[in-house]
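To convert, take the position in the sequence shown, counting from 1, and add 15; that gives this note's numbering.
For each residue, glycine too, the CB sits at the ideal point set by N, CA and C.
The structure displayed is predicted, hence computed values, not measured ones.
Down below is the structure, laid out as structure tokens.
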Amino acid sequence: MTEPVPMPMCPMAETCKGMMAKSPSRFMLLVPGIVLIVLGVAVVVEPRILVWLVALALVAMGIAVLMLGRFLREVAGKFQGMHEG
16 MTEPVPMPMC
26 PMAETCKGMM
36 AKSPSRFMLL
46 VPGIVLIVLG
56 VAVVVEPRIL
66 VWLVALALVA
76 MGIAVLMLGR
86 FLREVAGKFQ
96 GMHEG
């Protein structure tokens, strides 16, 4: 039985390095909080908005799962390519 070949580098290393190099500005950290507060007030004023928000969240989660699946397929393909050659 052959020994497993150690990976020279984690496949996510380049992505993580790029994300850590660019830190988000303070304004970009405040935007989600402000949006959530505005949406909360809008739901209190007009409760029918809640149905649309739930539908929008479900669509966004579906898109995110599809993107994650595609990303994982690409990483698995690169990983398999490393072990074949």
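Contact check, residue i vs residue j, beta carbons under 7 Å
i, j, result
"Ala72", "Ile64", "no"
7 Å CB neighbourhood of residue i in its chain, flanking five on each side removed
i, result
"Leu54", "Leu68"
Inter-residue spacing [alpha-carbon to alpha-carbon] between residue i and residue j
i, j, result
"Met82", "Val50", "24 Å"
"Ala75", "Leu44", "20 Å"
"Glu89", "Gln95", "10 Å"
"Gly92", "Ile78", "21 Å"
"His98", "Arg85", "20 Å"
"Leu87", "Ala70", "26 Å"
Sequence-distant residues of the same chain with beta carbon closer than 8 Å to residue i, five excluded per side
i, result
"Val60", "none"
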